[in-house]
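Student: Submitted below is the structure of interest, expressed as C-alpha cells.
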Amino acid sequence: MSAIVHLPSSIIYMYTFLFDALATPEPPPPAELAGLPLEVWTNLPFLICGVFAIAFLIGALFILRENRRVAARRARADAANPFSSE
9 MSAIVHLPSS IIYMYTFLFD ALATPEPPPP AELAGLPLEV WTNLPFLICG VFAIAFLIGA
69 LFILRENRRV AARRARADAA NPFSSE
C-alpha cells in the first residue's frame, strides 16, 4: 500500500523536474566569427594599429641611427681634410 501512495508523488516529481529542465533555456553558444571569439575581432583594429606603430618606431629609430652615423663620418672626414672650408 505504501508503494501505491508514493507512486503518484514520484511521478509528479519526475514531471516537475522534466518541465523545469525544459523551461530553463540553455545559455547561447559563444559568439564567434571564423572560429575566433568576437573579442578578438573587436580588438583587431587596435592590434593592427599597434603593429604599425611599432614598425614605424623601429623605422624612425633606424633612420635616426643612420643619420647620426653619416653625420659622424662627415665630421671625421672634415676634421681629416686639411683643405676644409673652415
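Heads up: the sequence shown begins at 9 in the working numbering, then just goes up one per residue.
We put the beta carbon where it would ideally sit given N, CA and C, even for glycine.
In this structure, what does DSSP give as the bridge partners for E40?
Tutor: As a working mapping, residue 40 is identified with position 32 in the sequence shown. E40 is bridged to P45.
Student: Excluding the five sequence neighbours on either side, which residues of its own chain have a C-beta within less than 7 Å of the C-beta of M71, listed in chain order?
Tutor: Position 63 of the sequence shown, counting from 1, holds the residue named residue 71. A quick correction: the sequence has Ile, not Met, at residue 71. Excluding its 5 nearest sequence neighbours in each direction, I71 has no C-beta neighbour in its own chain below 7 Å.
Student: Can you tell me whether E34 sits near the ligand FMN, meaning its C-beta is under 7 Å from at least one heavy atom of the ligand?
Tutor: This structure lacks the ligand FMN, and indeed carries no ligand of any kind.
Student: Helix, strand or coil for E34? Go by DSSP, reduced to three states.
Tutor: Reading the sequence shown from its first residue, position 26 is the one you call residue 34. Here E34 sits in coil by DSSP.
Student: To the nearest angstrom, how far is the alpha carbon of N89 from that of F60?
Tutor: For this step, residue 89 is matched to residue 81 along the sequence shown. For this step, residue 60 is matched to residue 52 along the sequence shown. Roughly 43 Å separates the two Cα atoms.
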